[in-house]
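**Student:** Protein sequences appear in the order of chains A and B.
Sequential numbering from 195 applies to the first sequence in my numbering.
Sequential numbering from 16 applies to the second sequence in my numbering.
C-beta: ideal position from N, C-alpha, C; glycine also.
Before anything else, here's the structure in question.
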Amino acid sequence: MTTLQTVFAKAKADNRAALVGYLPAGFPSKGGDVAAAAALVEAGCDVIEIGLPYSDPLMDGPTIQDAVHRSLTNGTRIADVLRTVEGVAATGAATLVMTYWNPIDKYGAERFARDLANAGGTGTITPDLTPEESEPWRAASAGAGIDTVFLVAPSSTEHRIKAVVDCCTGFVYAASLMGVTGARETVNVAAEGLVERTRQHTDLPVCVGLGVGTGAQAGEVARYADGVIVGSAFIRRILDAPDEAAGRASIAQLAGDMAQGVRR
Amino acid sequence: MAHEGSILTAADLAGNGPHGDDPDVRGKFGIFGGRFVPEALIPALDEVAAVYEKAKNDAEFLREFDHLLRTYAGRPTTLTDVPRFSEHAGGARIVLKREDLTHTGAHKINNVLGQALLTKRLGKKRVIAETGAGQHGVATATAAALLGLECVIYMGAVDCERQALNVARMKLLGATVVPVTNGSQTLKDAINEAFRDWVTNVDTTHYLFGTVAGPHPFPEIVRDFARIIGVEARRQIQELTGRLPDAVCAAVGGGSNAIGVFHAFIGDQDVQLHGYEAAGHGLESGEHALTLTAGSVGVLHGSRTYVLQDDEGQTIESHSISAGLDYPGVGPEHAWLKDSGRATYHGVTDDQAMTAFSLLARTEGIIPAIESSHALAGALELGRELGPEATILVNLSGRGDKDMGTAMKYFNL
Numbered sequence: 195m196t197t198l199q200t201v202f203a204k205a206k207a208d209n210r211a212a213l214v215g216y217l218p219a220g221f222p223s224k225g226g227d228v229a230a231a232a233a234l235v236e237a238g239c240d241v242i243e244i245g246l247p248y249s250d251p252l253m254d255g256p257t258i259q260d261a262v263h264r265s266l267t268n269g270t271r272i273a274d275v276l277r278t279v280e281g282v283a284a285t286g287a288a289t290l291v292m293t294y295w296n297p298i299d300k301y302g303a304e305r306f307a308r309d310l311a312n313a314g315g316t317g318t319i320t321p322d323l324t325p326e327e328s329e330p331w332r333a334a335s336a337g338a339g340i341d342t343v344f345l346v347a348p349s350s351t352e353h354r355i356k357a358v359v360d361c362c363t364g365f366v367y368a369a370s371l372m373g374v375t376g377a378r379e380t381v382n383v384a385a386e387g388l389v390e391r392t393r394q395h396t397d398l399p400v401c402v403g404l405g406v407g408t409g410a411q412a413g414e415v416a417r418y419a420d421g422v423i424v425g426s427a428f429i430r431r432i433l434d435a436p437d438e439a440a441g442r443a444s445i446a447q448l449a450g451d452m453a454q455g456v457r458r
Numbered sequence: 016m017a018h019e020g021s022i023l024t025a026a027d028l029a030g031n032g033p034h035g036d037d038p039d040v041r042g043k044f045g046i047f048g049g050r051f052v053p054e055a056l057i058p059a060l061d062e063v064a065a066v067y068e069k070a071k072n073d074a075e076f077l078r079e080f081d082h083l084l085r086t087y088a089g090r091p092t093t094l095t096d097v098p099r100f101s102e103h104a105g106g107a108r109i110v111l112k113r114e115d116l117t118h119t120g121a122h123k124i125n126n127v128l129g130q131a132l133l134t135k136r137l138g139k140k141r142v143i144a145e146t147g148a149g150q151h152g153v154a155t156a157t158a159a160a161l162l163g164l165e166c167v168i169y170m171g172a173v174d175c176e177r178q179a180l181n182v183a184r185m186k187l188l189g190a191t192v193v194p195v196t197n198g199s200q201t202l203k204d205a206i207n208e209a210f211r212d213w214v215t216n217v218d219t220t221h222y223l224f225g226t227v228a229g230p231h232p233f234p235e236i237v238r239d240f241a242r243i244i245g246v247e248a249r250r251q252i253q254e255l256t257g258r259l260p261d262a263v264c265a266a267v268g269g270g271s272n273a274i275g276v277f278h279a280f281i282g283d284q285d286v287q288l289h290g291y292e293a294a295g296h297g298l299e300s301g302e303h304a305l306t307l308t309a310g311s312v313g314v315l316h317g318s319r320t321y322v323l324q325d326d327e328g329q330t331i332e333s334h335s336i337s338a339g340l341d342y343p344g345v346g347p348e349h350a351w352l353k354d355s356g357r358a359t360y361h362g363v364t365d366d367q368a369m370t371a372f373s374l375l376a377r378t379e380g381i382i383p384a385i386e387s388s389h390a391l392a393g394a395l396e397l398g399r400e401l402g403p404e405a406t407i408l409v410n411l412s413g414r415g416d417k418d419m420g421t422a423m424k425y426f427n428l
């Protein structure tokens, strides 16, 4: 299992930012998810976030909603998500699960942490779990030896940033803008300030997500962040492709551009 | 804190209520409630909580709210004895709290006026809201028109079709109605979409939440603004009957009208509290909205509460003939009242509710909302249990004008 610590140490040694790609489990199909993630890793993604499809994704924009809805309609279950993690981890990428809290809550925190670790997962990102509610999950994750990543936002006060980073291991996820997931024309200028503010409170790597869609944007974010997170832009290309193979080729090309971007 | 001509005091907003049943600083009612939302929204929720905390102890805010409740919403609403309807309840004396007589025709106006005033104090000029049947949307559009706020209403595309008349009302009132086409295209998806708008536009926008669910402080604020229902009713029924009622009945979807009428009675241990959820086509059919009676504890829309969910925490779509009860979650304070045993929750099927709907119309000349008809159906049964000496207070949360399309279809009118 490749850990986040290894990934960020290596990226730092190369004097570049890490590239983090997101895809929901079960999308574009059962099995097609691992193949798509493998294409991203091949093209230069260092970390893969596997989304656990949830019926009420209130932080996600239309692109990810669409992908997740398709996955759920295809009957994706948590066992499938864990199998996907196993397949992706085998590519050598550090593999995380990004999930809303309720599926873990229902599955059982300790059970999920253990099963994820056994599948080769290196941690989770939980966008709707606040520091105040996170204690049981942090305890379960520590017990299973996996990382816990939480989000800071442009609206976060210094006090909130400190509370969030104190709960993080692995890295801190800085949401670049006030809004939902989805590629944007430009990456919000507030992102750089947020990364700076976050660094006042932690030595952990700080990765920026929300709104990154091109190699140039990835390069721009890589100037000030330790990692660049991309999701909707890949999913959009898969949704627009005539078939899965074409989708893979298309996201590999975009990931390649971005891998160059983070190296400039 | 009472002032001349006032019907409202600081104690009427429950913040410093006598029963120790306020949520803790994290918004927890026991294990329920809290905040499960993106970090980006936390500062906005903190701001709403802080502004509300100040407002509820501010005589000027209370005066403004009181003034609107009296001169605009039509408070206090009356109690009505319904002897001919009561004959069908084993002779128990059923008394209705007439929220159907408020402006816009449902209890929703109380919360909406309070939160619209709060929006002004927040310095925001735009409100957004979710709506299922359209009642909260209409009430929000009404308050926004009154106070000069921009108003955007999210409504499931399926509900837009079912409740076309309310869509037209909202538009007439100057609101923009956005049909939500993802997920089940009903209330829960409208809430998701409203949260997405809020996180994007939080600097200018207040999310005028319509029920006692959602992240802290919404369950507390909406309850406090609806609480006037029970405060009035508790005084009125003692004037009418010389004592407290034996039971208080209300329909429960998200739970705002029920908390509104229950809350003032929570400390009265001899008064039974009964909530009635929509059993739709019946528990066995799987098509129902029995969140408290058949759901399990989980997290939905930012709050830990009872949820209709599968074994992996995916929300299950609810069903009810009444759009206002068609919701797979419920307010956390109801979850707490259920687990503590202080309130009891039951299911009422579509058919039972429609029977009570028609019965009240024919025996008393009052056409109730189908939501409220669930509480009426429950009271009929409860009356037979408690016997002819009993007095039962029912919150008639809204009127049935909006339901005539459904009634025409159901009764072949």
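(1) With respect to the alpha helix (DSSP H) encompassing B/Ser-355, which residues constitute its N-terminal and C-terminal limits?
(2) So the alpha helix (DSSP H) A/Glu-280 belongs to, where does it begin and stop?
(3) For a test of the three-state rule: what should DSSP assign to B/Ile-124, helix, strand or coil?
(4) Can you tell me where the alpha helix (DSSP H) holding B/Ile-385 begins and where it ends?
(5) First and last residue of the beta strand (DSSP E) that includes A/Asn-209?
(6) When Cβ atoms are compared, which residues of the region 33-67 of chain B fall closer than 9 Å to chain A?
(7) In its own chain, which residues sit with a C-beta less than 8 Å from the C-beta of B/Glu-19, not counting the 5 before and 5 after it?
(8) From what residue to what residue does the beta strand (DSSP E) around B/Glu-145 run?
(9) Take B/Ser-300 and list the residues in its own chain whose beta-carbon comes closer than 7 Å to its own, dropping the five residues that flank it on each side.
(10) Would the region 199-216 of chain B and the region 178-188 of chain B be scored as touching if the rule is three or more Cβ pairs under 8 Å?
(11) On the criterion of 16 or more Cβ atoms from any shown chain inside 10 Å, does B/Asn-31 qualify as buried, or is it exposed?
(12) Bridge partners of B/Leu-94, per DSSP?
(13) Which residues of chain B have a Cβ atom closer than 9 Å to the Cβ of A/Met-253, listed in chain order?
(14) Looking at the unbroken beta strand (DSSP E) that takes in A/Met-292, where does it start and where does it end?
(15) Within the same chain, show all residues whose beta-carbon is closer than 7 Å to that of A/Val-201, passing over the 5 residues directly before and after it, in chain order.
(16) Rounded to a whole number of angstroms, what is the C-alpha to C-alpha distance between B/Gly-393 and B/Gly-48?
(17) Would you say the region 247-260 of chain B touches the region 221-234 of chain B, given that touching needs at least three Cβ pairs under 8 Å?
(18) How about B/Leu-391 and B/Ala-371: are their beta carbons less than 9 Å apart?
(19) Is it buried or exposed for B/Ile-243, if we count other Cβ within 10 angstroms and need 16 for buried?
(20) Closer than 8 Å by beta-carbon distance: list the chain A residues that pair up with B/Glu-327, in chain order.
(21) Measure the Cβ-Cβ separation of A/Asn-296 and B/Val-345 and say whether it is below 9 Å.
(22) Could you list the residues in the region 299-330 of chain B with a C-beta less than 9 Å from some C-beta on chain A, going in chain order?
(23) Just to confirm the assignment, what range does the beta strand (DSSP E) spanning A/Tyr-367 have?
(24) Output needed for B/Pro-33: all residues of its chain with C-beta closer than 7 Å, excluding positions within five of it in sequence on either side, in chain order.
(25) Sorted by chain position, which residues of the same chain lie with C-beta nearer than 6 Å to B/Arg-141's C-beta, five sequence neighbours on each side aside?
(26) Could you tell me which chain A residues have their CB closer than 9 Å to the CB of B/Asn-197, listed as they occur along the chain?
(27) For A/Met-292, does the count of other Cβ atoms within 10 angstroms reach 16, so buried, or fall short, so exposed?
(28) Following the continuous beta strand (DSSP E) through B/Gln-150, name the residue where it begins and the one where it ends.
(29) Which residue marks the beginning of the alpha helix (DSSP H) containing B/Ile-243, and which one marks its end?
(30) Between the Cα of B/Lys-43 and those of B/Ser-271, B/Gly-317, B/His-303, spot the shortest distance and give me the residue it belongs to.
(31) Closest to B/Tyr-425 by CA distance: which of B/Met-369, B/Lys-417, B/Leu-375, B/Ala-405 is it?
(32) Quick test of your reading: B/Leu-340 and B/Gly-275, contact by CB under 8 Å. State the CB separation rounded to the nearest angstrom.
(33) Is the number of C-beta pairs between the region 53-67 of chain B and the region 134-150 of chain B that are closer than 8 Å three or more?
(34) Should A/Asp-437 go down as buried or exposed, given a rule of 16 or more other Cβ atoms within 10 Å for buried?
**Tutor:** Short version:
(1) What you label residue 355 of chain B is simply residue 340 of the second sequence in a count that begins at 1. In the DSSP annotation of this structure, the continuous segment of the alpha helix (DSSP H) that includes B/Ser-355 starts and ends at 347-355.
(2) Counted from its first residue, the first sequence places residue 280 of chain A at position 86. Counting along the chain, the alpha helix (DSSP H) containing A/Glu-280 begins and ends at 272-283.
(3) By 1-based counting over the second sequence, the position of residue 124 of chain B is 109. Reduced to three states, the DSSP call for B/Ile-124 is helix.
(4) Numbered from its first residue, the second sequence carries residue 385 of chain B at position 370. Looking at the DSSP string, the run of the alpha helix (DSSP H) that includes B/Ile-385 is 385-401.
(5) In the first sequence, the residue the question calls residue 209 of chain A occupies position 15. That residue, A/Asn-209, is in no beta strand (DSSP E); it is neither H nor E in DSSP.
(6) Arg-41, Gly-49, Arg-50, Phe-51, Val-52, Pro-53, Glu-54, Ala-55, Leu-56, Ile-57, Pro-58, Ala-59, Asp-61
(7) For this step, residue 19 of chain B is matched to residue 4 along the second sequence. At B/Glu-19, the pLDDT of 41 sits below 50, so the modelled position is not reliable; the number obtained from the coordinates is stated separately. Excluding residues within five positions, none has a Cβ falling inside 8 Å.
(8) As a first step, residue 145 of chain B must be located in the second sequence, where it is residue number 130. Unbroken beta strand (DSSP E) run through B/Glu-145: 141-146.
(9) Here residue 300 of chain B is taken as the residue at index 285 of the second sequence, counted from 1. None.
(10) no
(11) Locating residue 31 of chain B in the second sequence gives position 16, counting from the first residue. Note that B/Asn-31 scores a pLDDT of 42, beneath 50, so its modelled location is shaky and nothing firm can be said.
(12) The count along the second sequence starts at 1 and reaches residue 94 of chain B at position 79. Its beta-bridge partners are B/Lys-112.
(13) Taking the first sequence and counting its residues from 1, one reaches residue 253 of chain A at position 59. Ordered by position in chain B, the residues that pass the 9 Å Cβ test against A/Met-253 are Val-52, Pro-53, Ala-55, Phe-210, Arg-211, Val-214.
(14) Residue 292 of chain A sits at position 98 when you count from the first residue of the first sequence. Counting along the chain, the beta strand (DSSP E) containing A/Met-292 begins and ends at 288-292.
(15) Residue numbering aside, residue 201 of chain A sits at position 7 when the first sequence is read from its first letter. Answer for A/Val-201: Ala-212, Asp-240, Val-241, Ala-288, listed in chain order.
(16) Position 378 of the second sequence holds residue 393 of chain B. Position 33 of the second sequence holds residue 48 of chain B. If I take the Cα positions, the gap works out to 27 Å.
(17) no
(18) For this step, residue 391 of chain B is matched to residue 376 along the second sequence. For this step, residue 371 of chain B is matched to residue 356 along the second sequence. Going by C-beta atoms, B/Leu-391 is nearer than 9 Å to B/Ala-371.
(19) If you number the second sequence from 1, residue 243 of chain B lands on position 228. Burial call: buried.
(20) Residue 327 of chain B sits at position 312 when you count from the first residue of the second sequence. Those are Arg-271, Ile-272, Pro-297, Lys-300, Tyr-301, listed as they occur along chain A.
(21) Residue 296 of chain A sits at position 102 when you count from the first residue of the first sequence. Residue 345 of chain B sits at position 330 when you count from the first residue of the second sequence. Not in contact: A/Asn-296 and B/Val-345 (Cβ atoms no closer than 9 Å).
(22) Ser-311, Val-312, Gly-313, Val-314, Leu-315, His-316, Gly-317, Arg-319, Val-322, Gln-324, Asp-325, Asp-326, Glu-327, Gly-328, Gln-329, Thr-330
(23) For the purposes of this step, residue 367 of chain A is identified with residue 173 of the first sequence, where counting begins at 1. Residues 366-369.
(24) Within the second sequence, numbered from 1, the residue matching residue 33 of chain B stands at position 18. The predicted model places B/Pro-33 with a pLDDT of 39, which falls under 50 and marks its position as unreliable; any figure quoted below should be read in that light. So the qualifying residues of the chain are Gly-282.
(25) As a working mapping, residue 141 of chain B is identified with position 126 in the second sequence. Once the five neighbours on either side are set aside, the close Cβ partners of B/Arg-141 are Glu-165, Thr-219, Thr-220.
(26) As a position in the second sequence, residue 197 of chain B is number 182, starting the count at 1. Pro-256, Gln-259, Asp-260, His-263, listed in chain order.
(27) Position 98 of the first sequence, counted from the start, is the residue given in the question as residue 292 of chain A. A/Met-292 is buried by the Cβ-count criterion.
(28) Residue mapping note: residue 150 of chain B aligns to position 135 of the second sequence, counting from 1. Counted as a single uninterrupted DSSP element, the stretch harbouring B/Gln-150 is not any beta strand (DSSP E) but the alpha helix (DSSP H) occupying residues 150-162.
(29) Residue 243 of chain B sits at position 228 when you count from the first residue of the second sequence. Looking at the DSSP string, the run of the alpha helix (DSSP H) that includes B/Ile-243 is 243-256.
(30) Working through the second sequence from its first residue, we reach residue 43 of chain B at position 28. Of B/Ser-271, B/Gly-317, B/His-303, the residue nearest in Cα terms is B/Gly-317.
(31) Mapped onto the second sequence, residue 425 of chain B falls at position 410. Cα-wise, what sits closest to B/Tyr-425 is B/Met-369.
(32) Along the second sequence, one-based indexing puts residue 340 of chain B at 325. Along the second sequence, one-based indexing puts residue 275 of chain B at 260. Contact flag wrong, Cβ pair sits at about 15 Å.
(33) yes
(34) As a position in the first sequence, residue 437 of chain A is number 243, starting the count at 1. Exposed, because fewer than 16 other Cβ atoms sit within 10 Å of the Cβ of A/Asp-437.
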